[in-house]
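K.L.:
Last residue of the sequence shown? That's 415 in the numbering used here, and every number before it is there in order. Provided herewith is a single structure, encoded as structure tokens, for subsequent inquiry.
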Amino acid sequence: MSSDALAVPRPTPVTFPAPASAPAHERLRAGTPAFRRTSWGMFFGGFATFSALYGPQPLMPMFSHDFGLSPAAASGVVSAATGALALALIPMSLLADRYGRKPVMNLSLGLAALLTLLAAFAHSFGQLLLLRTLMGIALAGIPAVAMAYLSEEIEPSSLGQSMGLYIAGNALGGMCGRFFLTLMSEWTGWREAVAVLGLFGLVSAVVFWRCLPESRHFRPARLALGEVRGNLRLHLSDDGLPWLFATAFLLMGCFVSLYNYLGYHLALAPFNLSPSAVGAVFLLYVVGMWSSAWVGRLADSLGRRNVLWIMVSLMLAGLMLTLAGSLWVVVPGIAVFTFGFFGAHSVASSWIGCRASRARGLASALYLSCYYLGGSGLGSASGLMWSWDGWSGVVLVLTAGLLSCLGIALRLRRLAPLPSAAG
-7 MSSDALAVPR PTPVTFPAPA SAPAHERLRA GTPAFRRTSW GMFFGGFATF
43 SALYGPQPLM PMFSHDFGLS PAAASGVVSA ATGALALALI PMSLLADRYG
93 RKPVMNLSLG LAALLTLLAA FAHSFGQLLL LRTLMGIALA GIPAVAMAYL
143 SEEIEPSSLG QSMGLYIAGN ALGGMCGRFF LTLMSEWTGW REAVAVLGLF
193 GLVSAVVFWR CLPESRHFRP ARLALGEVRG NLRLHLSDDG LPWLFATAFL
243 LMGCFVSLYN YLGYHLALAP FNLSPSAVGA VFLLYVVGMW SSAWVGRLAD
293 SLGRRNVLWI MVSLMLAGLM LTLAGSLWVV VPGIAVFTFG FFGAHSVASS
343 WIGCRASRAR GLASALYLSC YYLGGSGLGS ASGLMWSWDG WSGVVLVLTA
393 GLLSCLGIAL RLRRLAPLPS AAG
């Protein structure tokens, strides 16, 4: 009898069906619990980012008074943070490519909140600028990674909606930070207001950590400079990405410039608004919250190329209304401008994830570097226009920027979409 005949038959392996939720490789789709957790986690991340970054913006007239600064010099409290953030985005994206998306974002939010707390105790404007610069560097981990995280975890047909919620968090954070700091500063002073902003940042960091799921599609990458240079050339040689980077620079530069000097403008005749009344104008950010989510879904259905130029046109129309001498015209103009900005940013930022064939983290970092450099550079340069011709000078330079942005959007409208992208 052969040895084969004596062999004990091996049992057939028992296999179990995969969990009903989703295969490991499947991306998150709108309407699922995991999608909602991801979107709300990023909503809180965007909230904390913009409240920390732009909360002190309406306090610029107070800094001018307390430290004897011109409006252009006082704008450094915003420009120092946004400029440092812009320069730190690519290094942060490389760290996130190596060590993971969520750990970098968690650390960024926590450090930014602590540095905001320390800023409340600054003894001079120079110390305040230093702490704001360090805060910008720390905070870079959120915007550098958020778009890459969403592009990896969310399926393309749902990406616009998820990105819209993230940007809605930006809008709410910017609105609440500006409005409540203005109110508090009138009652207690700017130091106490900034301290409360730091405490609120710590709470937001905890909520973000608890809500956001771990990455399912992230794969660690080596920090190879040669590969980074190759990916950089790939992105810059794309037919659409460099124009989207330029769009980011112009959009954010115009948006920050308008809100930087709005407080100075509305405090003068014929408006003569108090600081708290000026702070109430920042409640118009709620328009941006709704705009980013709604326009994101609209772009998913109609195509980004067919929506971006309309949003830029709305910004231009709203800007023209701010030249009026009546609040009944100026305030709706600011609302239209804000609606157009957040809608345009929602469209352009989600377009990055669709255009980038690889190294999405680097593509997102390049987009946002231009985005925040625009806020820093144009935000300060328009202060010189304020010194030259007041609000009319600011509107003049912003009109030039938005017309350039509209030309880019119309050029992108003729761009053929990639086979895998919903453009």
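Note that CB positions come from ideal geometry on N, CA and C, so glycine has one too.
Give the DSSP bridge partners of L20, in chain order.
P.N.:
Indexing the sequence shown from 1 puts residue 20 at position 28. Per DSSP, I146.
K.L.:
Quick one: any contact between the segment 86 to 106 and the segment 375 to 386, if contact means 3 or more CB pairs under 8 Å?
P.N.:
Result no; under three Cβ-Cβ pairs closer than 8 Å.
K.L.:
Consult DSSP for R225 and reduce its assignment to one of helix, strand or coil.
P.N.:
Start at 1 with the first residue of the sequence shown, and residue 225 comes out as number 233. Note: R225 maps to helix in three-state DSSP.
K.L.:
Can you tell which of L107, L275, A114 and E145 has its C-alpha closest to the C-alpha of G190?
P.N.:
What you label residue 190 is simply residue 198 of the sequence shown in a count that begins at 1. G190 has its Cα closest to that of L107, out of L107, L275, A114 and E145.
K.L.:
Does the pairing of the segment 295 to 302 with the segment 155 to 162 give three or more beta-carbon distances under 8 Å?
P.N.:
Segments in contact, no.
K.L.:
Assign D231 to one of three DSSP states: helix, strand, or coil.
P.N.:
Residue mapping note: residue 231 aligns to position 239 of the sequence shown, counting from 1. If DSSP states are grouped into helix, strand and coil, D231 belongs with coil.
K.L.:
For T74, tell me which candidate among S85, A336 and L121 has the shortest Cα-Cα distance.
P.N.:
In the sequence shown, the residue the question calls residue 74 occupies position 82. When each option's Cα is compared against that of T74, the closest is L121.
K.L.:
Residue range of the alpha helix (DSSP H) that H57 falls in?
P.N.:
Looking up residue 57 in the sequence shown gives position 65. Where H57 is concerned, the enclosing alpha helix (DSSP H) stretches over M52 to F59.
K.L.:
Pull up the distance between the alpha-carbon of S356 and that of I344, whole angstroms please.
P.N.:
The residue you call residue 356 lines up with position 364 of the sequence shown. The residue you call residue 344 lines up with position 352 of the sequence shown. Their Cα atoms are separated by approximately 7 Å.
K.L.:
Is the Cβ-Cβ distance between A312 and G332 less than 8 Å?
P.N.:
Position 320 of the sequence shown, counted from the start, is the residue given in the question as residue 312. Position 340 of the sequence shown, counted from the start, is the residue given in the question as residue 332. It is Met, not Ala, that sits at residue 312 in the sequence shown. No; because the gap between Cβ atoms is not below 8 Å, this pair is not in contact.
K.L.:
Return the residue from the list T125, H57, R202 and H257 that minimises the CA-CA distance to R29.
P.N.:
In the sequence shown, counting from the first residue as 1, residue 29 sits at position 37. Checking every option, the nearest Cα to that of R29 belongs to R202.
K.L.:
Pick from A401, A44, S341 and P83: whose alpha carbon is nearest that of L217?
P.N.:
In the sequence shown, the residue the question calls residue 217 occupies position 225. Minimum Cα distance to L217 is reached at P83.
K.L.:
For the alpha helix (DSSP H) containing H337, name the first residue and the last one.
P.N.:
Taking the sequence shown and counting its residues from 1, the one referred to as residue 337 is at position 345. It spans L319 to R347 - the alpha helix (DSSP H) in which H337 sits, taken as one unbroken run.
K.L.:
Please determine, among S318, L236, F113 and F27, the residue with the shortest C-alpha to C-alpha distance to H257.
P.N.:
For the purposes of this step, residue 257 is taken as the residue at position 265 of the sequence shown. Measuring from the Cα of H257, the nearest candidate turns out to be S318.
K.L.:
Ends of the alpha helix (DSSP H) at S207?
P.N.:
Taking the sequence shown and counting its residues from 1, one reaches residue 207 at position 215. No alpha helix (DSSP H) contains S207, which DSSP labels as neither H nor E.
K.L.:
Excluding the five sequence neighbours on either side, which residues of its own chain have a C-beta within less than 7 Å of the C-beta of P25, listed in chain order?
P.N.:
Taking the first residue of the sequence shown as position 1, residue 25 is located at position 33. The answer is none, since no qualifying residue turns up.
K.L.:
Given L103, which residues of its chain have a CB within under 7 Å of its CB, disregarding the five upstream and five downstream residues?
P.N.:
As a first step, residue 103 is located in the sequence shown; it is residue number 111 there, counting from the start. The residues are A130.
K.L.:
What span of residues does the alpha helix (DSSP H) with G47 cover, start to end?
P.N.:
Along the sequence shown, read from residue 1 onward, the residue named residue 47 stands at position 55. Taken as a continuous stretch (DSSP letters only), G47 belongs to no alpha helix (DSSP H), as it is neither H nor E.
K.L.:
Around the Cβ of D381, are there at least 16 other Cβ atoms within 10 angstroms (buried) or fewer (exposed)?
P.N.:
The residue labelled residue 381 in the question sits at position 389 within the sequence shown. Classification of D381: exposed, given that the 10 Å Cβ count is below 16.
K.L.:
Using a Cβ-Cβ cut-off of 7 Å (strictly less than) and excluding sequence neighbours within five positions of E145, which residues of its own chain qualify?
P.N.:
As a working mapping, residue 145 is identified with position 153 in the sequence shown. Closer than 7 Å at Cβ, skipping near neighbours: R19, L20, T30, S207, R208 and H209.
K.L.:
Tell me the rounded alpha-carbon separation between G175 and L275.
P.N.:
Reading the sequence shown from its first residue, position 183 is the one you call residue 175. Reading the sequence shown from its first residue, position 283 is the one you call residue 275. With the sequence shown as reference, residue 175 is identified as Leu, and Gly is not the correct amino acid for it. Each residue's Cα considered, the two are about 12 Å apart.
K.L.:
Which residue comes first and which comes last in the alpha helix (DSSP H) that contains R350?
P.N.:
As a position in the sequence shown, residue 350 is number 358, starting the count at 1. Segment: none, R350 is in no alpha helix (DSSP H) and carries neither H nor E.
K.L.:
Using a Cβ-Cβ cut-off of 6 Å (strictly less than) and excluding sequence neighbours within five positions of A185, which residues of its own chain qualify?
P.N.:
Residue mapping note: residue 185 aligns to position 193 of the sequence shown, counting from 1. Once the five neighbours on either side are set aside, the close Cβ partners of A185 are L173, M176 and S177.
K.L.:
Alpha carbon to alpha carbon, how far is G353 from L236? Give it in angstroms, no decimals.
P.N.:
Locating residue 236 in the sequence shown gives position 244, counting from the first residue. Locating residue 353 in the sequence shown gives position 361, counting from the first residue. Their Cα atoms are separated by approximately 15 Å.
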